[in-house]
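J.: After the structure tokens below, expect a handful of questions from me.
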């Protein structure tokens, strides 16, 4: 079976190379036959990759430990649900997932661009096939899922931290994001090769960029939730290279989502947009490799693995290729117009871009700093949380402010008089909020107060947008509030979807600030009957409880929680011993209050005499972090949702004149 | 042995599927030019017209929600109307499309 | 877009230069902030193996890498945990004192990373900075520093 799988991948690789060549011939010779042939090749690649997936999954589910990868990541006692997640539990498996998603997306992208961008299709196929070929080379040579061995009696098992529902969804979500960025990138390159550098490739790539960006964001949020509940040190983001790996492309993609709106309306920032999407995709490749190999732990680790060089080659090809294409097409990429005024939405978006790219750059610097210092100095150096937090605060606060200013300013030019009127209520809200917070003692953290005041400012701005828009509809169309609001949102999905996403960001910021700058923490050694006070809650230790799971044995500290006398139930932070994997894991106990704060309890240790070492946190409003996710998803869905009117308008545009049949 | 057979069959199917379009000789119908120069120009003009009309709509919303003053509004509306009119004029000046 | 001549006049030249200047200043201030911070703030620390750390880095805050060869005590206890860290390559060892959270994967024979200062023959660790390096692709972490830097 393994042979068939490996053979399928080799065949797919050959087809990918062929498809790239076919696309090239179709593009140069304007020959439809090669285009059809190359497209068929892409279909065949998808089928072959699916066959490889099926064989791989079959091996996992039948405990075929002759597959080295299966033996390294599963065991007979692994719960069935997590056997599926073992697919991406290894480097080879996750690369297989990457290629599966890529070939599926490529077919979808071809389908979606048949009508409007027929002339880009040959180049689109060429570029997507080249990307696919790269990953297939990795799967065939250094990282094959089908390497075989003498089957041991049982596998090693899956890392217990990964046996958690969030880890089941988090990697595929991130991969959908990483791979999703390949499509806008390919469209951008194809547009430049074909000489079609107007906004059409942007419009076609919009939904892909939004979806990919959304998946990256949700993937990161899920990962944070996992870190919070599973890894359980009390935080949700550790500025680990693996976390930064997803953050960097997401930040650049956020910048891109904003600046494309400028290009659509004013025909400027063309070169900048191509640089942004190339950078986002390059960072996405960078991120895939960061997560999957120890290439950045040291130069020696980098040189000793062969994957490292493939990755360098891929980055050089992407960035070099984009650079060459931009130079070649520079005459076509001249801006149609300029920024007319600093008080305009274009200017706001430009500053937003600079700040986002600034943060991304700082994060990138932090990630590669160890490599740089080792390569150019004598000793490897590293940065940690304070470095990242500095830039997030210093660049992030102005960014947050812009989020509130942007909606108040019109495109091209806004009058200062109007601005003063629009600014009044939000500004007052911000100042009042700041004053109130200082009055309540939140002044202990100045970044905290600043961030929360700006959040108040932005929230009022966004809500006023909804109100003013609905009011305008009422006066023009005479609708009632509900109808006006729903029609307003329905007819301007991207704008109001964007506002909903911004509200999600605000919630996230409030949750992040509240739970870190204003948390309280205590710890203590408790014998049965003794209590610990944290915030307004009292935790009374009753005793240790033993339980058994499918593949683990657990010992929990039973804690009774009371607040002002009323009983709030019991919490049982525990330690689990996984028999097969021979590791122990900490299971934290979390209780969310009605105000969104969390009582977060870690069992640090159980002493021989039955006493327990407990660490407890009270984290205000931390639940907002996760609630923000719903706003995020809702806003993205609204933006991406097909608009019947717009689709009809576009169809009409093409039907006004009979065009030759589509390729 | 079976593996080699299965792979061989798959490979055969794939090669046939991929080579099939190339079997017949190239004909005029295989020319991959979805648009002639004229069609491309007219499509660009139509996009320009639609873009200007969409901008007018957005401007109306911005004005109704008091993001832009009357003076600036009047000036920008005149500008976008002129662009749309110019695009429509150039479209009409071309040979009318065959319906 | 390029077929239609824009109906707007050329636009006030000084206005455009003004805009360009502000944008350039914005970029300069971002770069400047970055340069000043990385140059002057004490934002980085050396990453050293056990052998390197014992010579020439006394009293400095460093990140230590090594393998745990023996361990006693409880990190959650006020007296803390004491373990011996051996260099990943050489045979040099160093005693380490640690208090704080211990990641799930911690055990004798595991490669770990920890922040702290080597002084008077003992490496005194910063609490909650113990991170294990899994032999496979995943890094477990107990607690990177708590975000006390935000307050």
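Chains as they are written, first to last, in the working numbering: chain A, 33 to 695; chain B, 18 to 116; chain C, 5 to 155. Cβ coordinates follow ideal geometry from the N, Cα and C atoms, glycine included.
Classify residue 475(A) as helix, strand or coil using the three-state DSSP reduction.
T.: Helix.
J.: Could you give the residue range of the beta strand (DSSP E) that holds residue 583(A)?
T.: Unbroken run through residue 583(A): none, as it is neither H nor E.
J.: Rounded C-beta distance between residue 175(A) and residue 206(A)? I'm assuming under 8 Å.
T.: Rounded, the Cβ-Cβ distance is 18 Å, inconsistent with contact.
J.: Any residues in the stretch 399-426 of chain A with a beta carbon nearer than 7 Å to a beta carbon of chain C? Which ones, in chain order?
T.: Residues passing the 7 Å Cβ filter: 401, 402, 411, 412, 413, 414, 415, 416, 417, 418, 419, 421, 422, 426.
J.: Output, in chain order, the set of chain A residues within a Cβ distance shorter than 9 Å of residue 75(B).
T.: Under the 9 Å cutoff, chain A gives 297, 442, 443, 524, 527.
J.: Using beta-carbon positions only, say whether residue 177(A) and residue 390(A) come within less than 8 Å of one another.
T.: The answer is no: Cβ separation not under 8 Å.
J.: I want to verify the contact list: residues of chain C whose CB lies under 8 Å from the CB of residue 618(A), in sequence order.
T.: Here the neighbours are 108.
J.: Give the straight-line distance between the Cα atoms of residue 485(A) and residue 266(A), rounded to the nearest whole angstrom.
T.: Roughly 25 Å between the two C-alpha positions.
J.: Between residue 91(C) and chain A, is there a C-beta pair that is closer than 8 Å?
T.: Judged by the 8 Å Cβ criterion, residue 91(C) is not in contact with chain A.
J.: With 8 Å as the threshold, decide whether the Cβ of residue 49(C) is near any Cβ in chain A.
T.: For residue 49(C), the answer is yes, since a Cβ of chain A falls inside 8 Å of its Cβ.
J.: Quick check: what's the CA-CA separation for residue 592(A) versus residue 576(A)?
T.: In a straight line, the C-alpha of residue 592(A) is about 12 Å away from that of residue 576(A).
J.: Do the CB positions of residue 645(A) and residue 557(A) come within less than 8 Å of each other?
T.: Closer than 8 Å, so yes.
J.: Might you give, ordered along the chain, the residues of its own chain that have their beta carbon closer than 6 Å to the beta carbon of residue 368(A), omitting 5 neighbours on each side?
T.: Cβ within range, chain order: 299.
J.: Just to confirm my understanding: we take residue 376(A), look at its own chain, exclude 5 residues before and 5 after, and list those with CB closer than 8 Å. What are they?
T.: Excluding positions up to five away in sequence, the list reads 441, 442, 443, 444, 445, 446.
J.: Go ahead and pull the three-state DSSP assignment for residue 109(A).
T.: Coil at residue 109(A), not helix or strand.
J.: Taking residue 274(A) and residue 322(A) to be in contact with their CB atoms under 8 Å, please state how far apart those CB atoms are, rounded to whole angstroms.
T.: Yes, they are in contact, since the Cβ atoms of residue 274(A) and residue 322(A) sit about 6 Å apart, within 8 Å.
J.: Give the single residue among 277(A), 47(A), 189(A) whose Cα lies nearest to the Cα of residue 255(A).
T.: It is 277(A) whose Cα lies nearest to the Cα of residue 255(A).
J.: Rounded to a whole number of angstroms, what is the C-alpha to C-alpha distance between residue 241(A) and residue 403(A)?
T.: Straight-line Cα distance between these residues: approximately 31 Å.
J.: Considering Cα atoms alone, identify which of 523(A), 120(A), 551(A), 672(A) is closest to residue 11(A).
T.: Outside the shown range of chain A, which is 33 to 695, sits residue 11(A), and nothing can be said about it.
J.: Indicate the three-state DSSP secondary structure (helix, strand or coil) for residue 648(A) in the structure shown.
T.: Three-state DSSP puts residue 648(A) in a strand.
J.: Who are the near neighbours of residue 253(A) in its chain, counting only those whose CB is closer than 7 Å to its CB and skipping five residues on each side?
T.: Excluding positions up to five away in sequence, the list reads 661.
J.: Heavy atom of the ligand FMN less than 7 Å from the Cβ of residue 60(A), yes or no?
T.: For the structure depicted, the ligand FMN is absent and the ligand set is empty, with no information on it obtainable.
J.: Count the other CB atoms within 10 Å of the CB of residue 61(B); is the residue buried (16 or more) or exposed (fewer)?
T.: The residue in question, residue 61(B), is buried, as its Cβ has 16 or more Cβ neighbours within 10 Å.
J.: Express the C-alpha separation of residue 405(A) and residue 395(A) in angstroms, rounding to a whole number.
T.: Spanning the two alpha carbons is a distance of roughly 16 Å.
J.: With H, G and I counted as helix, E and B as strand and the rest as coil, what does DSSP make of residue 402(A)?
T.: Helix, per DSSP.
J.: Shortest alpha-carbon distance to residue 529(A) belongs to which of 426(A), 239(A), 182(A)?
T.: Of 426(A), 239(A), 182(A), the residue nearest in Cα terms is 239(A).
J.: I want to verify the contact list: residues of chain C whose CB lies under 8 Å from the CB of residue 394(A), in sequence order.
T.: Neighbours of residue 394(A) on chain C, chain order: 38.
J.: Apply the 10 Å Cβ neighbour rule to residue 471(A) and answer buried if 16 or more other Cβ atoms are within range, or exposed otherwise.
T.: With fewer than 16 Cβ atoms within 10 Å of its Cβ, residue 471(A) is classed as exposed.
J.: Would DSSP call residue 418(A) helix, strand or coil?
T.: Helix at residue 418(A).
J.: Residue 79(B) versus chain A: which residues are under 8 Å apart at the beta carbon?
T.: Within 8 Å Cβ-Cβ: 442, 443.
J.: Quick check on residue 191(A) - is its C-beta less than 8 Å from some C-beta in chain B?
T.: Output row for residue 191(A): interface = no.
J.: Does chain A have any CB closer than 8 Å to the CB of residue 29(C)?
T.: With 8 Å as the cut-off, residue 29(C) does not count as an interface residue toward chain A.
J.: Leaving out the 5 sequence neighbours to the left and right, which residues in its chain are closer than 7 Å to residue 69(A) when beta-carbon positions are compared?
T.: Excluding sequence neighbours, residue 69(A) sits near 54.
J.: Please determine, among 66(A), 281(A), 408(A), the residue with the shortest C-alpha to C-alpha distance to residue 157(A).
T.: Among 66(A), 281(A), 408(A), the Cα nearest to that of residue 157(A) is on 66(A).
J.: Would you verify that the beta carbon of residue 378(A) is, or is not, closer than 8 Å to some beta carbon of chain B?
T.: Not one chain B Cβ lies under 8 Å of residue 378(A).
J.: Just to check my reading of the structure: residue 620(A) and residue 634(A) have Cβ atoms closer than 8 Å, yes? What is that Cβ distance to the nearest angstrom?
T.: Yes, they are in contact, since the Cβ atoms of residue 620(A) and residue 634(A) sit about 5 Å apart, within 8 Å.
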